[in-house]
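In this note's numbering, each number is its position in the sequence shown, counted from 1, plus 173.
All C-beta atoms, glycine included, are put in the ideal place defined by N, C-alpha and C.
Reviewing the structure listed below.
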Amino acid sequence: MLVASVLQTSTGFGFSLMATPFLLLLFEPKEAVQINLLLSLVISFALITKIKKDIDKGILKRFVVGSAVGLPIGITVFLTADISMLKLGIGIIILFLTVLLILKLRMDQTKARDYAVGGLSGILTTSIGMPGPPLLLYFSGTDTQKEKLRGTTLAFYLFIYSMSLLVQILFAGTTDTIWISSGYALPLVFLGLFLGQILFKRINQQLFRIFTYVILLFTGVYMLLEGLSSIAASH
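And the structure:
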């Protein structure tokens, strides 16, 4: 939990990826997802005043609009699609695009792409609980400065995670265990916030880009293995 919080604070990404597998070892899936959402929201709320000046409000607005369209699509995918195959496919796509980024594939940032990336993030949030990969791939491909990347992403998470938590509570309910366990985890999260802020100030743009590639590769491999293991278990 500490490492996940440090990663999220210093880069704007990675909490769900690092925390979810650990939480699934201790809790039922619904509880793990809601604890993850609550703690992610705590991090975003705690940092919002510090990152406010780094937020690109135009991009943020377009992400929010796009994700509002993507959220119901993601729910439909979750209810109708084979999630194991979905994870497998997304893992392959993330790995492929990350390799292209490492090989210096670059793209221009446009309004239409902002809406599309927000939509994809919304779809992935309600289908598999991971809004980050489309944002990280997009920002890496457009060579966005680390301050704007972290600030805009964490601000977007305030919206996307709040909406996801609301949907979870309305349609799946919640339990005392979720809120009590989240409270117990808060000291580690706040320590991670402190250490992550120090790390963010010390890493330059090149090192930050290497961090993002590592997170993307780890995400792709994790989703690939998750998909394969789920498919194997179902057979």
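Pair within 8 Å by beta-carbon distance, residue i and residue j
i, j, result
"phenylalanine 236", "aspartate 287", "yes"
"tyrosine 386", "isoleucine 275", "yes"
"glycine 291", "glycine 239", "yes"
"leucine 397", "methionine 174", "no"
"isoleucine 246", "proline 306", "no"
"phenylalanine 384", "isoleucine 376", "yes"
"threonine 182", "leucine 211", "no"
"valine 242", "glycine 295", "yes"
"leucine 327", "valine 215", "no"
"glycine 393", "threonine 298", "no"
"leucine 389", "leucine 308", "no"
"serine 257", "isoleucine 404", "yes"
"serine 213", "phenylalanine 251", "no"
Start and end residues, alpha helix (DSSP H) containing residue i
i, result
"aspartate 227", "No alpha helix (DSSP H) contains aspartate 227, which DSSP labels as neither H nor E."
"isoleucine 373", "Correcting the residue identity first, residue 373 is phenylalanine in this sequence and not isoleucine. Run containing phenylalanine 373: 349 to 375, per the alpha helix (DSSP H) assignment."
"aspartate 287", "284 to 301"
"glycine 314", "305 to 314"
Helix, strand or coil at residue i according to DSSP, with G and I counted as helix
i, result
"glutamine 181", "helix"
"threonine 193", "helix"
"glutamate 201", "coil"
"glycine 393", "helix"
"leucine 276", "coil"
"threonine 166", "There is no way to answer for residue 166, as the model of the chain reaches only from 174 to 408."
"phenylalanine 186", "coil"
"alanine 241", "helix"
"threonine 385", "helix"
"threonine 317", "coil"
"methionine 258", "helix"
"glycine 400", "helix"
"glycine 264", "helix"
Per-residue burial, residue i [other beta carbons within 10 Å of its own, 16 or more giving buried]
i, result
"glycine 400", "buried"
"leucine 278", "exposed"
"lysine 319", "buried"
"glutamate 201", "exposed"
"asparagine 209", "buried"
"proline 304", "buried"
"leucine 293", "buried"
"lysine 260", "buried"
"tyrosine 357", "exposed"
"threonine 186", "Going by the sequence as given, residue 186 is phenylalanine instead of threonine. The residue in question, phenylalanine 186, is buried, as its Cβ has 16 or more Cβ neighbours within 10 Å."
"methionine 191", "buried"
"isoleucine 353", "exposed"
"glutamine 379", "exposed"
"alanine 177", "buried"
"glycine 324", "buried"
"leucine 366", "buried"
"threonine 193", "buried"
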